[in-house]
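Heads up: the sequence lines are chains A and B, in that order.
Residue numbers for the first sequence follow this note's numbering, beginning at 4 and rising by one.
Residue numbers for the second sequence follow this note's numbering, beginning at 4 and rising by one.
All remarks here apply to the structure that follows.
2 protein chains.
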Amino acid sequence: MILGVEPYSSGGTTAQHAPAEAGLHARVLEHLGTAICGGEFAPGAVLNIDDLVDRYEVSRSVVREVLRVLASIGFIETRRRVGVTIRPAHDWNVFDPQVIRWRLASDSRITQLRSITELRTAIEPHAALLAANRAGHDEASDLVGLAAKMWAAGKAGDEERFLRLDIEFHRRVLLASGNEMFVRLQDLVAEVLTGRHKHHLMPHHPHEQALQLHAEVAQAIQRHDGERAREAMVQLMEQAFDEMKSIWEQTAEPAR
Amino acid sequence: MILGVEPYSSGGTTAQHAPAEAGLHARVLEHLGTAICGGEFAPGAVLNIDDLVDRYEVSRSVVREVLRVLASIGFIETRRRVGVTIRPAHDWNVFDPQVIRWRLASDSRITQLRSITELRTAIEPHAALLAANRAGHDEASDLVGLAAKMWAAGKAGDEERFLRLDIEFHRRVLLASGNEMFVRLQDLVAEVLTGRHKHHLMPHHPHEQALQLHAEVAQAIQRHDGERAREAMVQLMEQAFDEMKSIWEQTAEPAR
DNA sequence: CCCTTGAATAAGTCAGCTTTTTCGGCCTAG
DNA sequence: CTAGGCCGAAAAAGCTGACTTATTCAAGGG
């Protein structure tokens with residue numbers, strides 16, 4: 004298995020993973036969401052509520068409530084006298100945390116990881132630039148301090164600690180960007196970083212260059228040097244992308 | 004009124020704007036979503052289902068189905084014996100098309116527009132770079148042709164036609180990026196471009212430089228010159244940002 | 001002060017009724 | 001004969017109101 008991904012945990016979603024004790028709604032949503040996301044039903048396929056009632060052994064209301072959620076994320080469309088039509092993947096709300104989580108747990112996880120990584124490559128440099136313009140003194144100095152701690156953890160080969168600090172570093176840059184859409188991407192970032200660590204796609208000791216780049220991002224932000232912060236982050240992103248290259252190369256070019 | 008925005012229309016969402024003939028679900032979702040998004044209820048405020056049943060004069064199931072959707076976008080959390088708690092804005096799924104639409108229709112529309120514009124500034128250059136790597140011959144030549152048509156429309160002062168072509172141009176670049184997360188942002192882009200046009204934030208005749216930059220993006224993509232495509236798009240984004248500067252300057256810095 | 005217990009609150013779910021829309025059949029006109 | 005329009009039945013979602021369940025909160029005891 005390539006990069007079996009832990010369930011993506013989103014703090015922003017009420018419908019958490021469905022633990023054994025979750026209500027019927029969460030259970031059915033999880034199962035049906037996963038099934039649709041995993042391609043169990045072809046786009047255009049038509050189910051109906053009674054099929055699902057039988058399948059999950061719950062009442063119509065439970066199914067209907069689930070379908071409302073699935074409709075709102077673009078997975079299905081319901082129509083009287085037709086039924087529940089499965090929509091093609093291009094209609095999905097691919098930024099929805101549940102969708103992301105399901106995709107990361109599906110056969111398409113590599114595609115999703117790649118998409119997220121490309122998204123990071125676009126967003127994080129710009130976030131760094133905005134952070135340089137907007138970060139307060141405390142925020143900036145915290146970042147510099149974080150980068151220094153990452154340096155220490157990296158040199159000590161303390162991977163777990165490095166990971167935690169790395170996630171926190173990126174989270175703070177996104178926060179400091181002051182753009183709530185960027186901030187909301189912090190969980191995706193955490194997921195990618197965690198997955199990378201879990202599958203040993205990072206060297207035991209991070210490249211000194213990477214450590215240096217984190218420090219440069221932080222210092223550039225502190226100096227309000229947006230362009231330098233952006234550049235350093237671009238280089239970090241390129242490096243991160245390359246570190247995961249072995250995964251991309253095991254798959255075909257993303258289907259268009 | 005500054006930039007009163009037309010309802011944001013998302014092709015990916017079943018719950019469309021609630022026209023007069025829409026079902027109860029769509030109607031209540033629209034009203035309650037709008038109310039929460041507009042700050043009618045303070046974060047932490049607790050409603051309950053029976054309040055909403057009375058307010059909207061529908062049965063509990065209709066309310067419950069709406070609440071499922073609102074919970075999944077982070078607007079609320081339901082708990083037995085407590086009720087329906089309103090969550091703070093930082094929990095919202097700000098990439099959800101409905102959330103975007105409601106925000107664009109609220110008092111925070113300027114903040115949202117700015118956030119989207121910053122997002123574009125991050126995404127579109129990278130999309131152009133990816134497109135340069137991935138676009139097929141037909142795609143690329145269509146883009147070049149589109150840029151040429153934009154030139155003609157711009158010179159002729161045909162604003163409506165220019166807008167349509169502009170939207171199509173950006174849509175195609177996002178499509179050609181091959182990253183489905185980028186593709187999904189096309190509606191946001193269309194919204195910003197449309198809003199800019201509607202409120203005369205664009206010159207009657209587009210700057211020749213903008214026209215030239217569109218052409219350069221297209222040609223760079225055709226030549227598979229990712230870096231040049233990216234640079235030209237960065238310049239386009241900067242120009243677009245500046246054209247809307249008058250709006251940003253009428254408001255305080257975005258709250259963090 | 002902390003822990004336990006029980007009642008009641010408010011969401012979760014059920015099963016049945018209602019409504020809207022699609023689909024198929026029939027008729028007419030060209 | 002074919003195509004288009006109209007009509008009605010029925011299919012499947014939409015909605016209702018009542019019952020069930022889980023959890024919170026308050027009170028009491030140690």
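Where is the CB? At the ideal position from N, CA and C, for every residue including glycine.
Inset, instruction - Measure from the alpha carbon of B:Ile119 to the alpha carbon of each residue in B:Asp190, B:Ser62 and B:Leu168, then state which is nearest. - result: Position 116 of the second sequence holds residue 119 of chain B. Comparing Cα-Cα distances from B:Ile119 to each of B:Asp190, B:Ser62 and B:Leu168, the minimum goes to B:Asp190.
Inset, instruction - Under the assumption that B:Ala155 contacts B:Ile224 (Cβ atoms under 8 Å), give the Cβ distance between them as a whole number of angstroms. - result: Locating residue 155 of chain B in the second sequence gives position 152, counting from the first residue. Locating residue 224 of chain B in the second sequence gives position 221, counting from the first residue. The pair is not a contact, with the Cβ atoms about 20 Å apart (cut-off 8 Å).
Inset, instruction - Scan the region 109 to 123 of chain A for residues whose Cβ lies nearer than 7 Å to a Cβ of chain B and list them as they occur along the chain. - result: Ser118, Glu121 and Leu122
Legend entry - Per-residue DSSP class, three states only, for A:Ile89: Along the first sequence, one-based indexing puts residue 89 of chain A at 86. Residue state, collapsed to three classes: strand.
Inset, instruction - List the DSSP bridge partners of A:Glu80. - result: For the purposes of this step, residue 80 of chain A is taken as residue 77 along the first sequence, with counting starting at 1. Paired residues: A:Thr88.
Inset, instruction - Establish whether the CB of A:Asn51 and some CB of chain B are separated by less than 9 Å. - result: Position 48 of the first sequence holds residue 51 of chain A. So no, A:Asn51 is outside the interface.
Inset, instruction - Taking B:Pro128 and B:Met247 to be in contact with their CB atoms under 8 Å, please state how far apart those CB atoms are, rounded to whole angstroms. - result: Within the second sequence, numbered from 1, the residue matching residue 128 of chain B stands at position 125. Within the second sequence, numbered from 1, the residue matching residue 247 of chain B stands at position 244. Not quite, the Cβ-Cβ distance comes to about 17 Å (not below 8 Å), so this is no contact.
Inset, instruction - State yes or no: is the C-beta of B:Asn182 within less than 9 Å of the C-beta of A:Pro100? - result: Position 179 of the second sequence, counted from the first residue, corresponds to residue 182 of chain B. Position 97 of the first sequence, counted from the first residue, corresponds to residue 100 of chain A. Contact flag unset, no.
Inset, instruction - Taking B:Met247 as the query, report the chain A residues whose CB atoms sit under 9 Å from its CB, ordered along the chain. - result: Position 244 of the second sequence, counting from 1, holds the residue named residue 247 of chain B. Residues of chain A passing the Cβ test: none, with the nearest at roughly 15 Å.
Legend entry - Three-pair Cβ contact test at 8 Å for the region 69 to 78 of chain A versus the region 70 to 87 of chain B: yes
Legend entry - Cβ neighbour criterion (16 or more within 10 Å) applied to B:Ser249: The residue given as residue 249 of chain B occupies position 246 in the second sequence. Exposed, because fewer than 16 other Cβ atoms sit within 10 Å of the Cβ of B:Ser249.
Legend entry - Beta carbon of B:Val192 nearer than 9 Å to that of B:Leu177: Taking the second sequence and counting its residues from 1, the one referred to as residue 192 of chain B is at position 189. Taking the second sequence and counting its residues from 1, the one referred to as residue 177 of chain B is at position 174. Closer than 9 Å, so yes.
Inset, instruction - Look at the alpha carbon of B:Val87 and the alpha carbon of A:Ala29, and state the distance between them as a whole number of angstroms. - result: Within the second sequence, the letter at position 84 stands for residue 87 of chain B. Within the first sequence, the letter at position 26 stands for residue 29 of chain A. Using only the alpha carbons, I get a separation of about 17 Å.
Inset, instruction - Run the CB neighbour count on A:Arg112, radius 10 Å, all protein chains shown included, and call it buried at 16 or more, exposed below. - result: In the first sequence, the residue the question calls residue 112 of chain A occupies position 109. Buried, by the Cβ-count rule.
Inset, instruction - Note the first and the last residue of the continuous alpha helix (DSSP H) segment covering A:Phe185. - result: Taking the first sequence and counting its residues from 1, the one referred to as residue 185 of chain A is at position 182. Run containing A:Phe185: Glu183 to Val186, per the alpha helix (DSSP H) assignment.
Legend entry - Inter-stretch contact (C-beta, 8 Å, three-pair minimum) for the region 48 to 67 of chain A and the region 50 to 63 of chain B: no
Inset, instruction - Pick helix, strand or coil for A:Gly15, following the three-state DSSP scheme. - result: Taking the first residue of the first sequence as 1, we reach residue 15 of chain A at position 12. Below a pLDDT of 50, predicted positions are generally treated as unreliable, and A:Gly15, at 38, falls in that range; no measurement from the model is reported.
Legend entry - Spatial neighbours of B:Ala150 in its chain, beta-carbon cut-off 6 Å, leaving aside the 5 residues before and after: By 1-based counting over the second sequence, the position of residue 150 of chain B is 147. The answer, listed in chain order, is His217, Ala218 and Ala221.
Inset, instruction - Put B:Val147 into one of helix, strand or coil per three-state DSSP. - result: Taking the second sequence and counting its residues from 1, one reaches residue 147 of chain B at position 144. Correct three-state label for B:Val147: helix.
Inset, instruction - Would you please verify whether the beta carbon of A:His20 is less than 9 Å from any beta carbon of chain B? - result: Taking the first sequence and counting its residues from 1, the one referred to as residue 20 of chain A is at position 17. Any reading at A:His20 must be qualified, since the residue scores a pLDDT of 43, below 50, and its modelled position is unreliable; no value is offered.
Inset, instruction - Have a look at B:Arg104 and A:Asp53 and give me their C-alpha separation to the nearest angstrom. - result: For the purposes of this step, residue 104 of chain B is identified with residue 101 of the second sequence, where counting begins at 1. For the purposes of this step, residue 53 of chain A is identified with residue 50 of the first sequence, where counting begins at 1. The alpha-carbon atoms of B:Arg104 and A:Asp53 are separated by roughly 33 Å.
Inset, instruction - Determine the closest residue to A:Lys201 out of A:Val49, A:Leu166, A:Arg175 and A:Ala130, with distance taken between C-alpha atoms. - result: By one-based count along the first sequence, residue 201 of chain A stands at place 198. Checked all of A:Val49, A:Leu166, A:Arg175 and A:Ala130; the closest Cα to A:Lys201 is A:Leu166.
Inset, instruction - Compare the C-beta of B:Phe44 with all C-beta atoms of chain A and state if any pair is closer than 9 Å. - result: Start at 1 with the first residue of the second sequence, and residue 44 of chain B comes out as number 41. Judged by the 9 Å Cβ criterion, B:Phe44 is not in contact with chain A.
Legend entry - Proximal chain A residues relative to B:Leu72, where beta-carbon distance stays under 7 Å: Translated into the one-based positions of the second sequence, residue 72 of chain B becomes position 69. Per the sequence presented here, residue 72 of chain B reads as Val, with Leu not at that position. Chain A residues near B:Val72: Arg71, Val72 and Ser75.
Inset, instruction - Report the rounded CA-to-CA distance for A:Arg123 versus A:Asp228, giving the unit in angstroms. - result: Numbered from its first residue, the first sequence carries residue 123 of chain A at position 120. Numbered from its first residue, the first sequence carries residue 228 of chain A at position 225. Each residue's alpha carbon lies about 20 Å from the other.
Inset, instruction - Using alpha carbons as the reference points, say which of B:Ala108, B:Leu107 and B:Ala48 lies closest to B:Glu260. - result: Coverage of chain B is limited to positions 4 through 259, which leaves residue 260 of chain B absent and any answer about it impossible.
Inset, instruction - Starting from B:Gly160, trace the alpha helix (DSSP H) both ways and give me its first and last residue. - result: Reading the second sequence from its first residue, position 157 is the one you call residue 160 of chain B. Run containing B:Gly160: none; DSSP gives neither H nor E here.
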